[in-house]
Structure formats: C-alpha cells, structure tokens
Amino acid sequence: MRSGRNPKAFDKTPLLDLTYIQLTGLLTSWGEPAYRADQIWRWLYRSLVTDFREMTTLPKGLRVRLAEATLLRTMKPLEEQRAADGLTRKVLFALRDNQTIESVLMHYERRHTACISTQVGCPFGCVFCATGQSGFVRNLTAGEIVEQVLFFARFLQAKGEGLTNVVFMGMGEPLANYEAAWQAIETLTHDEGFNLGTRRITISTVGLVPGIRRLAGEGAQIGLAISLHAPTDELRDKLVPINRRYPLTQLMAACRHYVERTGRRISFEYALMYGINDSLEQARQLAQLLDGLLCHVNLIPLNPVPESPYQPSPRGRILAFQAELNRSKVSNTLRVERGTDIQAGCGQLRCQRMPKE
Ligand code: SAH
Ligand code: SF4
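In the working numbering, the protein residues as written are 24 to 380.
Structure representation (structure tokens):
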C-alpha cells in the first residue's frame with residue numbers, strides 16, 4: 024500500500040457521492056428528520072463548507088456522527104499552476120486511491136468557467152490528445168466530478184466571486200461515464216443547492232452516439248460539443264478511432280436529433296493540424312457536412328502534445344481555412360487557446376506531474 028492512504032477513510036461514505044434522495048435516506052435511517060437533508064445540502068452546495076463544524080444549524084451530535092460516518096472532501100490538491108496571463112489556473116488532484124486528475128479554471132470578462140474531468144485517463148486514444156496517450160484507469164464518481172467544481176467555487180467565493188459555467192472538457196469522455204456525469208449535473212443544478220443553470224453546462228464528447236441520444240432524451244438544455252476534427256470518415260477513422268464504431272452519418276443524425284430535442288446549437292471542435300485536416304478542400308467538406316444544422320465550429324489551433332506526430336497549422340493556413348468556412352456561411356470562431364504555458368490547454372491534461380525542465 025502506498026503511503027498517505029488512510030484505510031479508515033475507505034469505510035466512510037463520501038457525502039458528495041449521495042443524491043439528495045440518498046442523503047435524505049441516510050439521515051432518516053439515523054432517526055433524523057428529513058429537513059436535515061435540506062440543511063446539509065445547503066451547507067455543502069451553497070455555503071461550500073469544508074468542515075462539519077461549520078454546519079452550525081445542525082445539533083452537535085449529528086455533526087459528530089456525520090464526521091464519523093462520512094467524508095466531506097475526498098480529493099487533495101497536490102499542485103496548482105497559474106498561467107502567465109493570470110487567467111487560467113490548473114490543479115492536479117490526488118484522489119482517495121492515489122490516482123490523479125487535472126482540472127482547470129478559466130477567467131473571462133464576465134465568466135468563470137471550470138473545466139472538469141470525468142475519468143482518470145481516457146479509453147479512446149485519439150492520437151493528438153495527451154489524455155488519450157496515458158490510457159484509461161477508471162471512471163470518476165459523481166462526487167469526484169462535483170468536488171472539482173466545488174473546489175474552484177470555494178476559491179472564487181473567497182474573492183467575493185462565483186463560478187458561472189462548467190464544461191466537461193477535462194480528462195476522459197463524459198458520455199462513457201454517463202451515470203456519474205449525469206448525477207453530477209443533477210447535483211450541480213439542484214435548486215436548493217448549487218443551482219447552476221443547465222444552459223451553463225457544456226458536455227464535450229468524442230461522438231458516442233448512444234450517449235448523445237440518451238442526453239437528448241433527458242430534456243435538459245445542456246450545451247453539447249462534438250470533437251469532430253475531420254470532415255470525412257476516412258480521415259476521422261485515423262484521428263479519432265471511435266469513428267470506426269460511430270461513423271459520421273450516425274454521428275450527424277444524432278446531432279440533428281439533439282438540436283431538435285433541445286433547440287440548442289451544437290458546437291463542433293476542430294483542432295487544426297498542419298497538412299492533415301487544414302486544407303481548403305477540407306474546409307469545404309466540413310461546410311457540406313454541417314449544412315443545414317444549427318451549429319457553430321470552434322477552430323482550435325492544435326496544442327502541442329509531445330507524443331503526438333501532428334503539428335499545429337501555421338497561422339496563415341488557419342485563417343484561410345476560416346475564410347473558407349465564412350464563405351460557406353458556417354458560423355465559427357477561432358479559439359484563443361489559454362494556459363498552454365502550463366499544459367492546461369485542450370487535450371493537454373494528463374495524470375501525472377509534468378517533469379520539471
Ligand atoms: N473526451 C471528450 C472530452 C475532452 S474535451 C472529447 O474528446 O470531447 C478535450 C477537447 O480537446 C476535445 O475537443 C479534444 O478533441 C480536444 N483536444 C485533444 N487534444 C488536443 C490538442 N492537442 N490540441 C487541441 N485540442 C485538443
Ligand atoms: Fe479521450 Fe477526448 Fe482525448 Fe479523445 S480527445 S483521447 S476522447 S479525452
């Protein structure tokens with residue numbers, strides 16, 4: 024067993040893993056009135072307390088019992104890095120089993136966005152992505168997903184500010200960990216607690232068709248981003264191997280279904296790789312693929328990943344690609360990448376500390 028692991032902690036129930044109904048059930052099994060669940064829920068998700076002693080509306084005996092039987096926090100920040108622009112902050116967390124994940128907080132003019140992970144590693148192995156290169160270890164629990172958000176919310180609270188948006192764009196594939204991701208969303212949007220609007224949440228997926236259809240069926244206004252990166256099956260099969268299982272015709276049909284059900288515009292992520300997916304012909308193919316769909320393309324200059332054979336497109340090619348999309352009236356933005364100096368950009372998150380240079 025590695026040092027630092029506390030076997031006792033494994034007997035305790037992580038409170039953030041419980042749904043509101045499960046928390047109520049636990050408390051009633053202890054002979055507590057149901058309204059205690061409301062109180063605790065508010066302490067957790069509104070006041071963002073980190074210690075049971077702060078739950079001052081609870082009787083002391085209940086606070087002690089909670090501390091004995093449950094855990095308020097399960098993750099430890101090991102390392103925090105701030106990008107030179109001061110607008111991006113990356114945190115490496117140690118989980119209870121000593122696995123590690125990374126999460127990012129991004130500040131914009133009127134928004135504070137948490138970019139959170141849903142898995143330790145990722146099973147999909149997209150060739151240009153650092154997370155994909157480290158393989159898959161395990162799914163995160165709902166509580167571990169929520170706890171990343173609360174960590175940043177506390178940080179902002181201390182400065183008199185609040186978290187405004189959550190994007191599931193960190194490590195892992197949210198729709199491959201559907202139950203936990205969905206439970207985390209229900210917790211974060213619960214109106215007696217954290218009360219985040221569903222429209223302020225975006226899930227990014229590599230294109231898991233059954234997951235997209237299931238999410239459409241929830242009837243919630245969650246933003247959906249698709250990691251597309253290629254306009255044809257031939258190329259996407261190479262860059263995003265899961266495309267062989269869910270090719271573009273199936274993926275686009277699921278996207279159209281999502282738009283019909285939610286009325287929300289879908290985002291397509293397209294990381295521009297030099298000589299691979301950045302030609303004018305490919306821009307035209309992309310426009311054709313997306314024709315008639317309520318959508319927006321995020322052009323991302325590829326972030327360098329050491330293991331990846333691909334290079335970022337030069338600026339001139341990026342602008343030419345964008346101009347071609349504009350000509351075809353495809354709504355798009357060229358994303359200004361953040362935090363690449365601390366490896367916090369899209370696709371740069373991984374499970375370990377980076378070796379110091
Ligand atoms: N697994 C999900 C969620 C991760 S989001 C998904 O793939 O959508 C991470 C985003 O960064 C995805 O859009 C991914 O395709 C993109 N990405 C991965 N590697 C990248 C890189 N080297 N440069 C730019 N974007 C990258
Ligand atoms: Fe996984 Fe997404 Fe990276 Fe692909 S891009 S390896 S699905 S995290």
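Beta carbons: idealized from backbone N, C-alpha and C, even for Gly.
Check: residue 319 C-beta below 7 Å from any heavy atom of the ligand SAH | In this structure, residue 319 has its beta carbon at no less than 7 Å from each heavy atom of the ligand SAH.
Residues whose Cβ lies closer than 5 Å to any heavy atom of the ligand SF4, in chain order = 145, 147, 149, 152, 154, 155, 196 and 229
Answer yes or no: the CB of residue 292 versus the heavy atoms of the ligand FAD, is any distance below 7 Å?
-> For the structure depicted, the ligand FAD is absent and the ligand set comprises only the ligand SAH and the ligand SF4.
Name, in chain order, the residues that DSSP records as bridge partners for residue 246.
-> BP columns for residue 246 point to 225.
For residue 114, which residues of its own chain have a beta-carbon under 6 Å away from its beta-carbon, when the five flanking residues on both sides are left out?
-> 100, 103 and 126
Are three or more beta carbon pairs between the region 176-195 and the region 47-62 nearer than 8 Å?
-> no
Secondary structure, beta strand (DSSP E): runs of 3+ residues fully inside the region 284-327 = Fully enclosed beta strand (DSSP E) runs of 3 or longer: 289-295 and 318-324.
Run through DSSP, which three-state label would residue 36 get?
-> Residue 36 sits in a strand when the DSSP states are folded into three classes.
Is residue 88 helix, strand or coil by DSSP?
-> helix
Is residue 196 helix, strand or coil by DSSP?
-> coil
Could you work out which residue in 146, 53 and 91 is closest to residue 264 when comparing CA atoms only?
-> Comparing Cα positions, the closest option is 146.
In or out: residue 220 buried (at least 16 other Cβ within 10 Å) or exposed?
-> exposed
Count the other CB atoms, across all protein chains shown, that sit within 10 Å of the CB of residue 60; report buried if there are 16 or more and exposed otherwise.
-> Per the 10 Å Cβ criterion, buried.
Output the residue ranges of the beta strand (DSSP E) runs that lie fully inside the region 345-369 and measure 3 residues or longer, sorted by chain position.
-> 355-357
Taking the alpha-carbon positions, what's the residue 65 to residue 361 distance?
-> 33 Å
Evaluate contact between the region 344-357 and the region 161-178, counting only Cβ atoms and requiring at least three cross-stretch pairs below 8 Å.
-> no
Residue 172: beta carbon under 7 Å from a heavy atom of the ligand SAH?
-> no
Thinking just about the alpha-carbon of each residue, which of 297, 62 and 55 is nearest to the one in residue 331?
-> 297
So the alpha helix (DSSP H) residue 52 belongs to, where does it begin and stop?
-> 43-52
Cβ-heavy atom distance between residue 192 and the ligand SAH below 7 Å?
-> Result yes, Cβ under 7 Å from the ligand SAH.
Tell me whether residue 373 sits in a helix, a strand or coil according to DSSP, three-state version.
-> Of the three classes helix, strand and coil, the one that applies to residue 373 here is coil, per DSSP.
Along the chain, where does the beta strand (DSSP E) that runs through residue 102 open and close?
-> 99-105
Who are the near neighbours of residue 228 in its chain, counting only those whose CB is closer than 8 Å to its CB and skipping five residues on each side?
-> 196, 197, 198, 234, 235, 247, 248, 249 and 250
Does DSSP classify residue 273 as helix, strand or coil?
-> helix
Given residue 149, which residues of its chain have a CB within under 6 Å of its CB, disregarding the five upstream and five downstream residues?
-> 155 and 263
Can the beta-carbon of residue 38 be found closer than 8 Å to that of residue 67?
-> yes
Supposed contact pair residue 76 and residue 86 - C-beta distance, whole angstroms, cut 8 Å = About 6 Å separates the two Cβ atoms, so the contact holds.
Residue 320 and residue 354 closer than 8 Å at C-beta | yes
Determine the contact status of residue 281 and residue 239, defining contact as a CB-CB distance below 8 Å.
-> With contacts defined as CB atoms closer than 8 Å, residue 281 and residue 239 qualify as a contacting pair.
If you check the beta carbons only, do residue 151 and residue 370 fall under 8 Å apart?
-> yes
Alpha carbon to alpha carbon, what distance is there between residue 374 and residue 365?
-> 14 Å
Look at residue 385 and residue 143 and say whether their C-beta atoms are less than 8 Å apart.
-> Limits of the chain in this structure are 24 at one end and 380 at the other, which puts residue 385 out of reach.
Can you give the Cα-Cα distance for residue 180 and residue 363, rounded to whole angstroms?
-> 26 Å
Pairwise C-alpha distance: residue 267 and residue 350 | 31 Å
Among 123, 166, 269 and 257, which residue has its Cα nearest to the Cα of residue 45?
-> 166
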